[in-house]
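Novice: Plus 1198 on top of the position in the sequence shown (first one is 1) and you've got my numbering.
Please read through the structure below; I'll follow up with questions.
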Amino acid sequence: MSFTTITYTVEDNVAVLALNRPERLNSFNADMHTELREALKCVENDPLVRCLVLTGAGRGFCAGQDLSDRNDTEVPDLGDSIDKNYNPLIRKLLGLPKPVVCAVNGVAAGAGASLALACDIVVAAESAYFVQAFCNIGLIPDSGSTWHLPRAVGLPRAKGLALLGEKLPAKKAEEWGMIWKCVEDDNLMEDVMAMARNLASKPTKALGMIKAALHESTANSHHLQLEVEKEYMRKAGRTKDFREGVAAFMEKRKPLFKGE
Ligand code: T3D
């Protein structure tokens, strides 16, 4: 498959998707949204893909919407843009029954920051930073940021970030619990790929169910969540990987999970 605004490769059961418009800090345009949809379909449907790594080409991760597409005199319907492009992208990532690791290689601004927050595990290079840039141009945080941010860092910090639109360095994002960890710039891809290969060797179906159960917990009472756990446990118990996990434990060997 050939793409122009992203790159997509698969190796060792890990798909690596890189946003690839470095001259615009990988900001989103219509073509990129179309190609992202195509690539995420491949991730979802390819049984060989058991983990996705999302990153950016060049010095930035993603600077949100390409503002040169918004620089005209017509009043745009941004709700339409959110509905057609951003919300489906975020929903797809959250609903993907496979782990998604985000390697934040540089600035993540606007919807680029929201994109990172929608991934399951976020690892950022030390020189990277996050900006809720929306308020700087008269917009509001989108792509799930108003949902993820307060849950990740608490309401007072979420408000500070969203209202001030200042840079949050990766190290501070780690201290605040907004991301999994911050690593030295030179180690970013090596660390992320090691993590991704490890995730890809785990029982994929169970990982998908863990992700879904954790997401569902945010809307459920404790009582209801116990029921959710029961149902996923029922499904997990029927997977081949569960049988393999128990057999390997009993035989004192390393399990060989196949994502089945
Ligand atoms: O519209 C809808 O559909 C609704 C949805 C909206 C979602 C959103 O994401 S709204 C928020 C949009 N994003 C921003 O407001 C961020 C704008 N960019 C910046 O604030 C800064 O560029 C950064 C903080 C991200 C990085 O700063 P810096 O100093 O490292 O780089 P720079 O010099 O500003 O940018 C480098 C180049 O990338 C530059 O081009 P040039 O001058 O070299 O030709 C710059 O114009 C371009 N660039 C950066 N961000 C964008 C962009 N071009 C278009 N759109 C961008 N978002």
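C-beta atoms are modelled at their ideal positions from N, C-alpha and C, and glycine is treated no differently.
Output yes or no for whether 8 angstroms exceeds the beta carbon distance between aspartate 1340 and isoleucine 1280.
Specialist: yes
Novice: Can you give the Cα-Cα distance for glycine 1443 and lysine 1290, rounded to whole angstroms?
Specialist: 29 angstroms
Novice: Just mark valine 1219 as buried or exposed, buried being the case when its beta carbon has 16 or more other beta carbons within 10 Å.
Specialist: Inspection of the sequence shows that residue 1219 is occupied by arginine rather than by valine. It counts as buried.
Novice: Kindly examine the ligand T3D and report whether one of its heavy atoms sits closer than 7 angstroms to the Cβ of aspartate 1318.
Specialist: no
Novice: Quick one: grab the DSSP three-state call for proline 1220.
Specialist: helix
Novice: Between leucine 1287 and leucine 1361, which are expected to be in contact by the criterion C-beta below 8 angstroms, what is the C-beta distance as a whole number of angstroms?
Specialist: Rounded, the Cβ-Cβ distance is 25 angstroms, inconsistent with contact.
Novice: For the ligand PLP, I want to know if arginine 1268 counts as a neighbour, meaning its beta carbon is within less than 7 angstroms of at least one of the ligand's heavy atoms.
Specialist: Inclusion of the ligand PLP in the displayed structure is not the case, the ligand content consisting of the ligand T3D alone.
Novice: Let's test the definition: count the other Cβ atoms within 10 Å of the Cβ of serine 1399 and tell me whether it reaches 16, buried, or not, exposed.
Specialist: Serine 1399 is buried by the Cβ-count criterion.
Novice: Tell me whether phenylalanine 1259 sits in a helix, a strand or coil according to DSSP, three-state version.
Specialist: strand
Novice: Say whether the stretch 1357–1374 touches the stretch 1321–1329, bearing in mind that this needs 3 or more beta-carbon pairs closer than 8 angstroms, one atom from each stretch.
Specialist: yes
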